[in-house]
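S.K.: Take the position in the sequence shown, starting the count at 1, then add 26; the result is the number in this note's numbering.
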Amino acid sequence: MRLIGNIIWILLGGLVIALGWVLVGLVLCLSVVGIPLGIQAFKMAGLTLAPFGRRVVYGGGLGSTFLNIVWIVLGGWWLALAYLLAGLINMVTIIGIPFGLQSLKMARLAIMPFGSSIY
27 MRLIGNIIWI
37 LLGGLVIALG
47 WVLVGLVLCL
57 SVVGIPLGIQ
67 AFKMAGLTLA
77 PFGRRVVYGG
87 GLGSTFLNIV
97 WIVLGGWWLA
107 LAYLLAGLIN
117 MVTIIGIPFG
127 LQSLKMARLA
137 IMPFGSSIY
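1) Tell me where the alpha helix (DSSP H) around S57 begins and ends.
2) Could you say which of L52, P62, I30, L107 lies nearest to R134 if we only look at CA atoms?
3) Assign Y109 to one of three DSSP states: helix, strand, or coil.
4) Taking contact to mean at least 3 C-beta pairs separated by less than 8 Å, is the segment 35 to 55 in contact with the segment 71 to 83?
5) What is the rounded straight-line gap between the Cα of G85 and the Cα of P62?
6) Under a Cβ-count criterion, where at least 16 other Cβ atoms within 10 Å of its own Cβ denotes burial, should F125 be classed as buried or exposed?
7) By the DSSP assignment, the beta strand (DSSP E) with V83 in it spans what residues?
8) Give the straight-line distance between the Cα atoms of R81 and G51, rounded to the nearest whole angstrom.
9) So the alpha helix (DSSP H) M95 belongs to, where does it begin and stop?
10) For L105, which residues of its own chain have a beta-carbon under 6 Å away from its beta-carbon, when the five flanking residues on both sides are left out?
11) Kindly indicate which residue of P139, S143, I36 has the alpha-carbon position closest to the one of N94.
12) Given M144, which residues of its chain have a CB within under 7 Å of its CB, disregarding the five upstream and five downstream residues?
Quick look at the structure:
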C-alpha cells in the first residue's frame, strides 16, 4: 500500500508541493538567519514527496519550543491550516481517507517542525 499510495500522491500533486517546499528552503537558506528555517522546509519537502509509510517523531527541548513559536508566528499556522483543510476535503470520500490522514500528519509537522524527526 505504501508504494501505491506514494505513487498516487505524487501524481495528484505531491511532487509539485514538494518542489515548492524545496524552492522555499533554497530561498530561506540564502541568509544565515534563514538557514534553520530552510532546513525545516527541506524536512517538509521530504515528507510531502512520499508520506505513506513514514512517521514523524516529536522531541526537542526548550530551544525547539522557542523556534517552533517563531515558526508559528512567521506563518507556520497558515501552512498547518492549509494542510488541515486539504486533509478534511480528502476525507469526504472513502478513497480519500488515507490521503487525508497523510495531510493531517503534515499539518502537525507544519505547525511544529523543530525538534521533530522523520523515519
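Note that the Cβ used here is the ideal one computed from N, Cα and C, for glycine as well.
M.R.: Walking through what the data contain:
1) In the sequence shown, residue 57 corresponds to position 31, counting from 1. Premise fails: S57 is in no alpha helix (DSSP H) and is neither H nor E.
2) In the sequence shown, counting from the first residue as 1, residue 134 sits at position 108. If we check each option's Cα against that of R134, L107 comes out closest.
3) Residue mapping note: residue 109 aligns to position 83 of the sequence shown, counting from 1. The DSSP-derived three-state label of Y109 is helix.
4) Between the segment 35 to 55 and the segment 71 to 83 there are three or more inter-stretch CB-CB distances shorter than 8 Å, so the stretches are counted as touching.
5) The count along the sequence shown starts at 1 and reaches residue 85 at position 59. The count along the sequence shown starts at 1 and reaches residue 62 at position 36. Here the alpha carbon of G85 sits roughly 16 Å from the alpha carbon of P62.
6) As a working note, residue 125 is residue 99 in the sequence shown. Counting Cβ neighbours within 10 Å, F125 comes out buried, since at least 16 surround it.
7) If you number the sequence shown from 1, residue 83 lands on position 57. Residues 82 to 84.
8) Translated into positions along the sequence shown, residue 81 becomes position 55. Translated into positions along the sequence shown, residue 51 becomes position 25. Approximately 21 Å between the Cα atoms of the pair.
9) Within the sequence shown, numbered from 1, the residue matching residue 95 stands at position 69. Looking at the sequence provided, one finds Ile at residue 95 rather than Met. 88 to 97 is the span of the alpha helix (DSSP H), which, as asked, contains I95.
10) Numbered from its first residue, the sequence shown carries residue 105 at position 79. Here L105 has A136 as same chain residues with Cβ atoms under 6 Å from its own Cβ, once five neighbours each way along the sequence are excluded.
11) Along the sequence shown, read from residue 1 onward, the residue named residue 94 stands at position 68. It is P139 whose Cα lies nearest to the Cα of N94.
12) By one-based count along the sequence shown, residue 144 stands at place 118. Rather than Met, the amino acid found at residue 144 in this sequence is Ile. Closer than 7 Å at the Cβ level, and outside the excluded window around I144, lie K69, G72, L73, R80, V82.
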